[in-house]
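Visitor: Note that the working numbering has the sequence shown beginning at 9, numbered continuously upward.
Quick one: structure below, then a few questions.
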Amino acid sequence: MLRLALRGLGHPMLVSDAMPPVGGSHSHFTFYGKNIAARDGCCVTEDGTLAGTVLDMATAVKNCVRLLGVALPDALRFASA
9 MLRLALRGLG
19 HPMLVSDAMP
29 PVGGSHSHFT
39 FYGKNIAARD
49 GCCVTEDGTL
59 AGTVLDMATA
69 VKNCVRLLGV
79 ALPDALRFAS
89 A
């Protein structure tokens, strides 16, 4: 369904709301006074509320190509929009 939707869009873009653990070895950090833990590809507060992701832009491009069948040049354009 998303592949079909991408065909009709003029300027799709990839977005990453990656948090501090991306690219590092720390899995816990404080953000706006809240303790955040990175686990299972996302960041959550102590009560389990979603607080962000650990998805970096390079992985977003790879996912776009692998999971959605988007051509690499298009995925790179989406990432640099």
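By construction, the Cβ of each residue, glycine as well, lies at the ideal position given by its N, Cα and C atoms.
Since this is a predicted model, take the numbers as computed values, not measurements.
What residue range does the alpha helix (DSSP H) around Ala126 cover?
Guide: An answer regarding residue 126 cannot be provided, because it is not within the stretch 9 to 89 covered by the chain.
Visitor: In the DSSP output, which residue or residues are listed as bridge partners for Val136?
Guide: The question about residue 136 has no answer, for the chain in this structure spans 9 to 89.
Visitor: Do Thr61 and Gly77 have their C-beta atoms within less than 8 Å of each other?
Guide: Going by C-beta atoms, Thr61 is not nearer than 8 Å to Gly77.
Visitor: Pull up the CB-CB distance for Val23 and Asp64, whole angstroms please, since I reckon it's below 8 Å.
Guide: At roughly 12 Å, the Cβ-Cβ gap does not stay under 8 Å, so Val23 and Asp64 are not in contact.
Visitor: On the DSSP letters alone, give me the boundaries of the alpha helix (DSSP H) that Leu22 sits inside.
Guide: Segment: none, Leu22 is in no alpha helix (DSSP H) and carries neither H nor E.
Visitor: I'd like the list of long-range same chain contacts for Cys51, defined as Cβ closer than 6 Å, with 5 residues on each side in sequence excluded.
Guide: Around Cys51: Met27, Ile44, Ala59, Gly60.
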